[in-house]
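**Student:**
Protein chains in written order, with this note's numbering: chain S, 1 to 290; chain H, 1001 to 1337.
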C-alpha cells in the first residue's frame, strides 16, 4: 500500500482520537476529584448520542449546533446523579462504588435497548461525505469538525480549571479533601459540579461521535472500557495524559483496522493497556505514586 | 479422611447440619416433584450458584474483584467443545484439559496485575480487558468457527450418558448439583485452612498481612488460579448443556456480571450466599419473564434492567447481602469470617 493511504488513515485516527481523548478527559476529571470510577461513562455517552440522533431525525438539528445544549443536559444529569445517588457512596469501599455504577450502566444500556431497539441509528448530515484535500491527504470533513470541537472543548476545560475560582476550588478538593473542608469549601456541591463537568465532556464527545460512528445501545460498555484504557494509558489524573492517550488509541485502532480487520481493532487497544500496565503502570504522563 | 470430615464439620452446629441436610435432600428429590420447565430453571440456578461460588473464592475470600470471569467459562467451554467435536474426546477429559488452561490464564492475569501493583478497580478493569480480548480473539479464530459459532451434535434423549454428558435435563441437573456441592465443600475446606485465613487477612488489610509475614503475591496467585480452575468446569457444562457456543455470548461482559450478582445479593465472602443469591435472583427474573409473557410484552432488555435494579438496590440497601441477615434470623449464623 502506498504511503498516502497510511497517512490518510493515521490522520483520521488522530482526529477520532481527539474525540476519544475528550471522552476520557471526563472520566479522568471525575476520578481525579471525586475518586469515584465512573463505570457508566460510555453509557452516558450513548445517552448523548441518542439525544443527538433523535434531535437530528425529528428537527433536523445539526449535531454541531446541538453540541453545547446536549453537553448542558448531560451536565445536569451528572450533577443530579452525583448529588442524588453517588454522594452517599463516596466514603464506601471502592468496589461498592464501582458496582453501583455497573448497575447504573446496565440499566442505561437496557433502557436504551427497550426504547430505541437494537438497530443502529445514524446522523446523515449534509457534510457527511465532504472532505478536505491537502495535497495527497484527504480527510473527512466530519472528522475535522469533530476533532476541532474536541480541542476547543478541552481547551475551555483546561482554562476553567486553571483560571476560574470554582476550578481552583475543585482542584483544592482533589488535592486535599480535609483541607478543602477546613477552608470552608462546600465539597459535596463541588463534587456534584465536577461530576457534571465530566458528564458534559463525555456528552460533547458523544455528540461528535455521532458524526463518526453509528449508535446502538450496546456501544456503551465498549466505550466505557475504551475510556478506561485511554485514561490508564495516558496516566491517571493527568488531563493532558487523557488527550494524549486518546490520540494514541485512536491512531492504533485506525492503523490496526487498516492492517488487520476493523472488527479486531479494539484488541490492539487492550494490547496497549497490557503493555502500559507492564512497563509503565502509572501511564505515559502519570506520576509514580509516592 | 475422618480427620478432613472432622475439620470441615468441626464447629458447625447441629442445627446448621440439619438445615443443610434438609436442603440437600430437597434438591435431590426436586426433579421428581417439579415440571420439566422448573428443572431447567433449577439447572440455571445451580449453574449460577456454582459460578458464584467460584468467583467468591477470589472476591469474597481474597478480596480481588474480578469482572472478567467469563473468560474462564469461555475457555472451558471452547476447549471441551473443540476436543469433543473434532477429536471425540469426552467432556470429562475435556475438563481435565480445560482446567489447566483456565488456571494458567488466571495465573497470567494475576501475575501481570499483582507483580506490577495493579489493585482494586484497576485489577477489575484488567480482568474485563482480558475477557474482551478473548471475546474479540475468538470471534476471529477460525478453528472455533469464529463468530459463526460452534455447535455440538444435539443430544438424543433416549438414554442418559453421563460419561459423555449427553442426555435429559434431569441428568444435567444432577451433574450441576454434584458440582455445586463439590464447590461448596471445596470452599469450606479452603476457608477453614491456612490458605483461607491468609486470604482473609489479605482481604481485610493487605499491608498488614504483608507486615505479618504473609507472601501476599503468592496467596493472591493461589486465589486467582483456583478460582479460574473451578470456573472452567462451568464452561464445560455450559457447552454440553446448551450445545452451542458464540464468543459474543460466552465471553460477554454480561456473563461475568450475571455470575457475580448471586454472591453479591446473597452475601460476598459467605459460603451460602452465592447459592441463596442465585435462587433469589433467578426466581425473581423468571417470574418477571413469565409476567411479561403473560401480558404479551416482548421487551428484550427488561430482564437486564431488572438485574441492574436488583444490583442497585442490594448495593445501596443491603451491602452485606441477604444471607447474613437471614442466617441470624434462622439462628444458624454462619460465622462470616
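Where a beta carbon is used, it is the ideal one built from N, C-alpha and C, also for glycine. None of the values given here were measured: they were computed from a predicted structure.
Between residue 102 of chain S and chain H, is there a C-beta pair that is closer than 8 Å?
**Tutor:** On the first chain, position 102 is the one that residue 102 of chain S refers to. Yes, residue 102 of chain S counts as interfacial toward chain H.
**Student:** Kindly indicate which three-state DSSP category residue 1145 of chain H falls into: helix, strand or coil?
**Tutor:** Position 145 of the second chain, counted from the start, is the residue given in the question as residue 1145 of chain H. Of the three classes helix, strand and coil, the one that applies to residue 1145 of chain H here is coil, per DSSP.
**Student:** Below 8 Å on the Cβ atoms is my guess for residue 210 of chain S versus residue 118 of chain S; work out the distance and round it to an integer in Å.
**Tutor:** Taking the first residue of the first chain as position 1, residue 210 of chain S is located at position 210. Taking the first residue of the first chain as position 1, residue 118 of chain S is located at position 118. Residue 210 of chain S to residue 118 of chain S, Cβ: 17 Å. No contact.
**Student:** Using the beta-carbon count (16 or more within 10 Å), is residue 128 of chain S buried or exposed?
**Tutor:** Along the first chain, read from residue 1 onward, the residue named residue 128 of chain S stands at position 128. With fewer than 16 Cβ atoms within 10 Å of its Cβ, residue 128 of chain S is classed as exposed.
**Student:** Expressed to the nearest angstrom, what Euclidean distance is found between the alpha-carbon atoms of residue 1048 of chain H and residue 1257 of chain H?
**Tutor:** In the second chain, residue 1048 of chain H corresponds to position 48, counting from 1. In the second chain, residue 1257 of chain H corresponds to position 257, counting from 1. Taking the straight line joining both Cα atoms gives about 11 Å.
**Student:** Could you give the uninterrupted runs of the alpha helix (DSSP H) lying entirely in the stretch 1059 to 1092 of chain H, keeping only those of 4 residues or more?
**Tutor:** Listed in chain order, they are 1070 to 1087.
**Student:** Pull out every residue of the stretch 257 to 283 of chain S whose Cβ sits closer than 8 Å to any Cβ of chain H, in chain order.
**Tutor:** Listed by position along the chain: 261, 263, 264, 266, 267, 270, 271, 273, 274, 277, 278, 281.
**Student:** According to DSSP, simplified to helix, strand and coil, what is residue 90 of chain S?
**Tutor:** Counted from its first residue, the first chain places residue 90 of chain S at position 90. Of the three classes helix, strand and coil, the one that applies to residue 90 of chain S here is coil, per DSSP.
**Student:** Check whether the Cβ of residue 37 of chain S lies closer than 8 Å to any Cβ atom in chain H.
**Tutor:** Counting from one through the first chain, the residue named residue 37 of chain S turns up at place 37. Cβ-Cβ to chain H under 8 Å: yes for residue 37 of chain S.
**Student:** Determine, for residue 1011 of chain H, whether the minimum Cβ-Cβ distance to residues of chain S falls below 8 Å.
**Tutor:** Numbered from its first residue, the second chain carries residue 1011 of chain H at position 11. So no, residue 1011 of chain H is outside the interface.
**Student:** Per DSSP, what kind of secondary structure is residue 1297 of chain H in: helix, strand or coil?
**Tutor:** Here residue 1297 of chain H corresponds to residue number 297 of the second chain, with the count starting at 1. In the structure shown, residue 1297 of chain H sits in coil (DSSP, three-state: anything other than H, G, I, E or B).
**Student:** Taking all protein chains shown into account, do 16 or more other C-beta atoms lie within 10 angstroms of the C-beta of residue 1029 of chain H, making it buried, or fewer, making it exposed?
**Tutor:** One-based indexing of the second chain puts residue 1029 of chain H at position 29. Looking at its Cβ environment, which holds fewer than 16 other Cβ atoms inside 10 Å, residue 1029 of chain H is exposed.
**Student:** Below 8 Å on the Cβ atoms is my contact criterion, and I expect residue 34 of chain S with residue 102 of chain S to pass it. Report the Cβ-Cβ distance as a whole number of Å.
**Tutor:** Residue 34 of chain S sits at position 34 when you count from the first residue of the first chain. Residue 102 of chain S sits at position 102 when you count from the first residue of the first chain. The Cβ separation is near 17 Å, so there is no contact.
**Student:** Counting only beta-carbon atoms, is residue 1124 of chain H nearer than 8 Å to chain S?
**Tutor:** On the second chain, residue 1124 of chain H is found 124 positions in, with the first residue counted as 1. Residue 1124 of chain H counts as touching chain S.
**Student:** What does a CB cutoff of less than 6 Å around residue 290 of chain S pick up in its chain, not counting 5 residues either side in sequence?
**Tutor:** In the first chain, residue 290 of chain S corresponds to position 290, counting from 1. In this prediction, residue 290 of chain S scores a pLDDT of 41, lower than 50, which makes its location untrustworthy; no coordinate-derived value is stated.
**Student:** Can you tell me the Cα-Cα spacing of residue 1217 of chain H and residue 1186 of chain H, whole angstroms?
**Tutor:** Residue mapping note: residue 1217 of chain H aligns to position 217 of the second chain, counting from 1. Residue mapping note: residue 1186 of chain H aligns to position 186 of the second chain, counting from 1. Answer to the nearest angstrom: the Cα atoms are 22 Å apart.
**Student:** Take residue 94 of chain S as the anchor and find which of H/1065, H/1093, H/1115 has the nearest alpha-carbon.
**Tutor:** For the purposes of this step, residue 94 of chain S is taken as residue 94 along the first chain, with counting starting at 1. That would be H/1065, whose Cα lies nearest to the Cα of residue 94 of chain S.
**Student:** Does the CB of residue 216 of chain S have a neighbour CB from chain H at under 8 Å?
**Tutor:** Counting from one through the first chain, the residue named residue 216 of chain S turns up at place 216. Cβ-Cβ to chain H under 8 Å: no for residue 216 of chain S.
**Student:** Does residue 77 of chain S have its Cβ less than 8 Å from a Cβ in chain H?
**Tutor:** Translated into the one-based positions of the first chain, residue 77 of chain S becomes position 77. Answer no: the Cβ-Cβ gap between residue 77 of chain S and chain H never drops below 8 Å.
**Student:** Against chain S, with Cβ distances strictly below 8 Å, would residue 1076 of chain H count as a contact?
**Tutor:** As a position in the second chain, residue 1076 of chain H is number 76, starting the count at 1. No, its Cβ sits nowhere closer than 8 Å to a Cβ of chain S.
**Student:** What residue range is occupied by the uninterrupted beta strand (DSSP E) comprising residue 131 of chain S?
**Tutor:** By 1-based counting over the first chain, the position of residue 131 of chain S is 131. Unbroken beta strand (DSSP E) run through residue 131 of chain S: 131 to 134.
**Student:** I need the straight-line Cα distance from residue 124 of chain S to residue 56 of chain S, nearest angstrom please.
**Tutor:** Your numbering for residue 124 of chain S matches position 124 in the first chain. Your numbering for residue 56 of chain S matches position 56 in the first chain. Near 9 Å, if we compare the C-alpha coordinates of residue 56 of chain S and residue 124 of chain S.
**Student:** To which residues of the same chain is residue 1247 of chain H closer than 6 Å at the C-beta, ignoring the five residues directly before and after it?
**Tutor:** As a working mapping, residue 1247 of chain H is identified with position 247 in the second chain. Same-chain partners within the cutoff: 1135, 1138, 1139.
**Student:** What residues in its chain sit with their C-beta under 8 Å from that of residue 116 of chain S, if we drop five residues either side in the sequence?
**Tutor:** Reading the first chain from its first residue, position 116 is the one you call residue 116 of chain S. The residues are 50, 217.
**Student:** Any beta carbon from chain S within less than 8 Å of residue 1266 of chain H's own beta carbon?
**Tutor:** Stepping through the second chain from its first residue, residue 1266 of chain H is reached at position 266. So no, residue 1266 of chain H is outside the interface.
**Student:** Count the other CB atoms within 10 Å of the CB of residue 4 of chain S; is the residue buried (16 or more) or exposed (fewer)?
**Tutor:** Counted from its first residue, the first chain places residue 4 of chain S at position 4. Exposed: under 16 other Cβ atoms inside 10 Å.
**Student:** Closer than 8 Å, CB to CB, is residue 95 of chain S near chain H or not?
**Tutor:** Mapped onto the first chain, residue 95 of chain S falls at position 95. By this cut-off, residue 95 of chain S is an interface position.
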